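Below: one structure, written as structure tokens.
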Amino acid sequence: MTSAADVSYSDVQLGSWMDRSKGPVHGANVTVTSTNGVILVAFIALFVQFAGQHLWGIASFVWHQLRVSHRAKTALQYQQDASLRNNGSPGQTLWHFLQIAWTWRHTRRHRRGWWWLAAVPILIPLLFQCLLTATGILSSVIVETSDVEILLRGDKCGIWQTPSQEMILAADNEFMVENQRWMGGVTEFSRIYARTCYNNSATADSPTCQAFTQTSIPYSSRTNASCPFDTITCSSPNGNLQMDTGELDTNKVLGINTGKDNVMFRKVTTCAHLKPDLYTRTINETGPNGESGYHVYWDWGTLTWNDGYDYIAEARNYTGQPWAGYTMITPRHYLVDPRLDFPDQSSFMPRAEFNVSDGDIFMLFLSAHDMVFAAPCDDPWFSAHDVAATDYNRTEYRSDHLLNPVGCVEQFTFCNPHGKGSQCTPLGGILPAAAAAKEGLGLSTSQSAIVDIIVNAIYGGNAGITQPVSLLASNTAWEGVQLPLPKNQWVFELQDMHNRALTSLQRMIVDYARGPGSASAQQFLTVPNEAFRELCGLVRAKTNARFSNVNTYGLVVTVTLGTLVILTNMFLVDIVSAIQKWRKIDSFKRKTWIADGLFQLHKTNLDTDSLDPWKNLDKSVPTTQRCGLVARRPYKELPESLASTPQTASKSAQLSHQDLEAVIEMHEVAEEGTAMPRAPVSVALARMEQSGKGIHAQSKEVEEEQSPVSPMESSANIPTFAREHETPSRGV
7 MTSAADVSYS
17 DVQLGSWMDR
27 SKGPVHGANV
37 TVTSTNGVIL
47 VAFIALFVQF
57 AGQHLWGIAS
67 FVWHQLRVSH
77 RAKTALQYQQ
87 DASLRNNGSP
97 GQTLWHFLQI
107 AWTWRHTRRH
117 RRGWWWLAAV
127 PILIPLLFQC
137 LLTATGILSS
147 VIVETSDVEI
157 LLRGDKCGIW
167 QTPSQEMILA
177 ADNEFMVENQ
187 RWMGGVTEFS
197 RIYARTCYNN
207 SATADSPTCQ
217 AFTQTSIPYS
227 SRTNASCPFD
237 TITCSSPNGN
247 LQMDTGELDT
257 NKVLGINTGK
267 DNVMFRKVTT
277 CAHLKPDLYT
287 RTINETGPNG
297 ESGYHVYWDW
307 GTLTWNDGYD
317 YIAEARNYTG
327 QPWAGYTMIT
337 PRHYLVDPRL
347 DFPDQSSFMP
357 RAEFNVSDGD
367 IFMLFLSAHD
377 MVFAAPCDDP
387 WFSAHDVAAT
397 DYNRTEYRSD
407 HLLNPVGCVE
417 QFTFCNPHGK
427 GSQCTPLGGI
437 LPAAAAAKEG
447 LGLSTSQSAI
457 VDIIVNAIYG
467 GNAGITQPVS
477 LLASNTAWEG
487 VQLPLPKNQW
497 VFELQDMHNR
507 ALTSLQRMIV
517 DYARGPGSAS
527 AQQFLTVPNE
537 AFRELCGLVR
547 AKTNARFSNV
557 NTYGLVVTVT
567 LGTLVILTNM
577 FLVDIVSAIQ
587 KWRKIDSFKR
597 KTWIADGLFQ
607 LHKTNLDTDS
617 LDPWKNLDKS
627 VPTTQRCGLV
637 ARRPYKELPE
647 SLASTPQTAS
657 KSAQLSHQDL
667 EAVIEMHEVA
677 EEGTAMPRAP
687 VSVALARMEQ
697 SGKGIHAQSK
707 EVEEEQSPVS
717 PMESSANIPT
727 FAREHETPSR
737 GV
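Positions 7 to 738 (the numbering used here) are the ones given, in order, by the sequence shown.
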């Protein structure tokens with residue numbers, strides 16, 4: 007798992023699942039492959055746009071109904087009404103409103119002002135189109151396509167069997183071979199990941215860092231901590247390093263997806279530079295080439311695996327090695343607890359000055375004897391001031407000590423966030439803290455299994471600060487020559503080790519669910535009980551580019567609301583009609599909506615004089631009595647009311663109210679499909695002929711103000727009056 011890409015398709019649970027760290031709403035997910043995720047993103051965007059157009063249809067209907075009245079309006083306003091009625095999207099309505107406004111811009115005698123009548127209404131479809139576009143873009147958040155958190159299937163889960171002492175010492179044992187191969191992979195991954203993703207915001211979003219539910223485990227550092235051992239042992243009584251993670255939620259931080267069965271976990275690591283010459287003894291001896299030398303022993307305890315060794319580290323002032331580099335000796339001491347069935351993996355028993363009763367002890371003896379320093383180093387751990395004899399015309403320096411020690415104490419505590427009051431174990435070693443948690447915190451079976459998994463990672467998997475030597479200082483060393491180091495290099499090194507230890511913990515939690523990745527190693531895994539088995543499918547990880555997460559509630563809400571909007575718009579007129587009939591409300595405005603419809607307006611362009619009258623005039627689509635051939639009216643035969651002159655308009659304005667009512671009655675009767683009363687119509691038409699040229703007389707050319715014709719105006723084909731006047735609304 008050198009990157010998130012190591013999570014294979016077979017490791018991931020496809021389908022619906024609940025991310026319990028985000029709650030039941032935001033955490034409801036459906037995991038799909040990235041290909042299906044792209045398709046779903048496109049579908050949602052198109053669906054939102056489609057539903058948005060229907061929402062505009064509802065808004066257009068409401069706006070149209072608010073504009074309709076029995077009072078006369080300008081022709082410009084009637085054109086806007088027709089545009090509202092017959093446009094399917096806010097973008098199309100916006101374009102038509104722009105065309106109308108542009109075409110009418112030079113018309114004389116605007117009674118209410120061109121700006122108010124033509125320009126201001128443009129803002130509504132413009133705003134709606136912007137909102138619709140933004141909604142389409144934001145709808146993509148329903149589908150996560152990057153930095154995707156997935157649930158592991160857990161069909162290959164398990165923890166490594168606890169090795170016996172004989173298994174550990176038998177290097178040719180198959181268990182040890184597979185275990186060390188897996189441990190080597192975890193160690194190398196931890197080194198790369200920790201240095202790339204911890205305390206590095208610039209690379210935190212890189213694919214390498216998208217492996218765990220949380221990129222890094224947070225912790226605080228301070229360099230004024232007290233000496234974790236007897237004060238006589240530390241170089242500084244109060245200038246020591248302490249790193250504290252604080253309480254970590256196993257659900258949110260470690261990705262164990264258990265909801266209310268989560269456990270709070272804390273790790274505190276305190277490190278101090280120790281006096282290099284304390285409790286040491288030196289023995290003079292002769293080297294392999296006859297040179298005089300000495301051998302130094304650090305009598306800080308006894309080695310547990312080798313009886314009779316009353317020291318924990320040793321070094322000679324000669325090496326006989328042809329190479330140069332840093333090496334490290336890392337003895338450790340764990341506090342065991344009889345309540346837990348774990349073998350003691352301690353490598354030494356500390357003497358009284360180094361013994362602590364509330365933590366696990368790690369010693370780090372750094373050997374830089376085979377390195378030369380380009381400049382004096384004042385860092386306490388890498389201290390180098392002894393001038394070295396060289397064949398070059400430059401001054402070099404060697405380490406001040408054969409071994410330079412740092413001692414660390416790791417402490418842990420577990421808390422039950424669902425217990426009464428503050429239920430936490432006291433700080434202690436990993437085994438005593440786990441035993442106290444399982445015995446005294448009233449944990450559920452799932453919580454107890456989580457504690458065991460953490461113990462297995464830290465104690466069994468060696469996720470401690472004594473990672474195999476890989477110092478940051480080596481990055482600035484070349485062929486055995488160390489370039490200058492800062493005075494606090496030891497702090498950087500220990501923080502790096504701490505980061506690698508935390509990364510190992512994250513990795514081992516994931517590996518518990520997905521297995522070691524080796525078929526031959528699978529035989530050495532075990533699932534102790536049913537609680538462990540339940541956790542197999544409850545571990546989250548992250549991946550990038552190969553999977554997508556769909557928020558279930560977001561998808562359901564989007565599709566449901568969109569469908570309701572679509573259905574409402576499709577049956578809106580019918581619903582309003584039914585309500586008006588039930589409540590006996592005036593239907594003039596609704597009928598005007600029908601009359602302004604595209605097909606209702608289009609019927610005036612057809613020559614149906616020889617056919618039966620139109621029917622279905624109260625529907626969106628009118629029809630004739632018979633489905634015969636119909637000719638289109640030539641443009642010159644269109645009703646001249648569409649191109650009336652000022653003279654005809656003036657004559658029409660002089661008609662009596664009685665004449666206009668007769669014409670309106672004629673149209674209403676015709677639309678109802680009944681025989682028209684000829685006498686009133688004839689009288690009205692006769693009076694119109696006497697007063698002027700009649701409503702169907704040939705119009706004269708109108709002298710309009712000269713203005714340049716723009717592409718918008720020429721494409722709009724919007725008729726205008728040379729002098730704007732109010733036009734009475736036709737009956738519906």
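Cβ coordinates follow ideal geometry from the N, Cα and C atoms, glycine included. Just so you know, these numbers come straight off a predicted model, no measurement behind them.
| Item | Value |
| --- | --- |
| Could you check the C-alpha separation between Ala124 and Ser626 for me, to the nearest Å? | 27 Å |
| Expressed to the nearest angstrom, what Euclidean distance is found between the alpha-carbon atoms of Ala443 and Val269? | 10 Å |
| Strictly by DSSP, which residues pair up with Pro356? | Gly307 |
| Beta-carbon separation of Leu478 and Pro411 under 8 Å? | no |
| Where Phe354 and Trp23 are concerned, what is the direct C-alpha to C-alpha distance, given to the nearest angstrom? | 47 Å |
| From the DSSP secondary-structure annotation, give me the bridge partner or partners of Arg639. | None; Arg639 has no bridge partner. |
| Rounding to the nearest angstrom, what Cα-Cα distance links Pro628 and Lys621 in this structure? | 6 Å |
| Using a Cβ distance threshold of 8 Å, determine whether the stretch 147-155 contacts the stretch 443-458, with at least three qualifying pairs required. | no |
| Can Gly365 and Gly435 be called in contact, C-beta distance under 8 Å? | yes |
| According to DSSP, which residues form a beta bridge with Gln417? | Val274 |
| Provide the residue span of the beta strand (DSSP E) that contains Ala442, from first to last. | Looking at the DSSP string, Ala442 is not in any beta strand (DSSP E); the run it does join, the alpha helix (DSSP H), is Ile436 to Gly446. |
| Mind checking which residues open and close the alpha helix (DSSP H) that includes Met182? | Glu180 to Cys203 |
| Does DSSP put Asp17 in a helix, in a strand, or in coil? | helix |
| What would DSSP say about Thr333, mapped onto helix, strand or coil? | strand |
| Tell me where the alpha helix (DSSP H) around Lys587 begins and ends. | Leu578 to Arg589 |
| Using a Cβ-Cβ cutoff of less than 8 Å, which residues in the same chain neighbour Gly466 once the five nearest sequence positions on both sides are dropped? | Ile165, Trp166, Thr168 and Phe348 |
| Which two residues bound the contiguous beta strand (DSSP E) that contains Ile289? | Thr286 to Thr292 |
| Do Phe218 and Val582 have their CB atoms nearer than 8 Å? | no |
| Measuring alpha carbon to alpha carbon, tell me which residue in Ser40, Leu158 and Phe271 is nearest Val457. | Phe271 |
| Name the two residues that bound the continuous beta strand (DSSP E) containing Leu623. | No beta strand (DSSP E) contains Leu623, which DSSP labels as neither H nor E. |
| Looking only at its own chain, which residues have a Cβ that is under 7 Å from the Cβ of Pro356, when we skip the five neighbours before and after it? | Trp306, Gly307, His339 and Ile367 |
| Using CA atoms only, rank isn't needed, just tell me which of Lys266, Lys273 and Met189 is closest to Ser227. | Lys273 |
| With a threshold of 6 Å on Cβ separation, who are the neighbours of Thr276 within its own chain once the five nearest residues in sequence on each side are excluded? | Ala231, Pro234, Gln248 and Val415 |
| With 16 other CB atoms within 10 Å as the buried threshold, where does Arg546 fall? | buried |
| CA-CA distance, Leu104 and Ile128? | 7 Å |
| For Thr264 and Thr229, I'd like the C-alpha separation in whole angstroms. | 36 Å |
| Report buried or exposed for Pro6, applying the criterion of at least 16 other Cβ atoms within 10 angstroms of its Cβ. | This structure does not reach residue 6, given that the chain is present from 7 up to 738, and the question cannot be answered. |
| Would you call the CB atoms of Lys333 and Val475 closer than 8 Å? | Checking the sequence shown, residue 333 turns out to be Thr, not Lys. Yes, the pair counts as a contact, with Cβ atoms nearer than the cut-off. |
| Could you check if Thr237 is buried or exposed, using at least 16 other CB atoms within 10 Å of its CB as the buried criterion? | exposed |
| Would you kindly check if the distance between the Cβ of Gln429 and the Cβ of Asp267 is under 8 Å? | no |
| With DSSP as the reference, label Asp236 as helix, strand or coil. | coil |
| In this structure, does DSSP put Gly634 in helix, strand or coil? | coil |
| What's the call for Lys548, buried or exposed, on a 16-neighbour Cβ count within 10 Å? | buried |
| For Ala394, is the classification buried or exposed, using 16 other Cβ atoms within 10 angstroms of its Cβ as the cut-off for buried? | exposed |
| With DSSP as the reference, label Leu612 as helix, strand or coil. | strand |
| For the stretch 484-561, list the beta strand (DSSP E) runs that are entirely contained and at least 3 residues long, ordered along the chain. | 546-549 and 553-557 |
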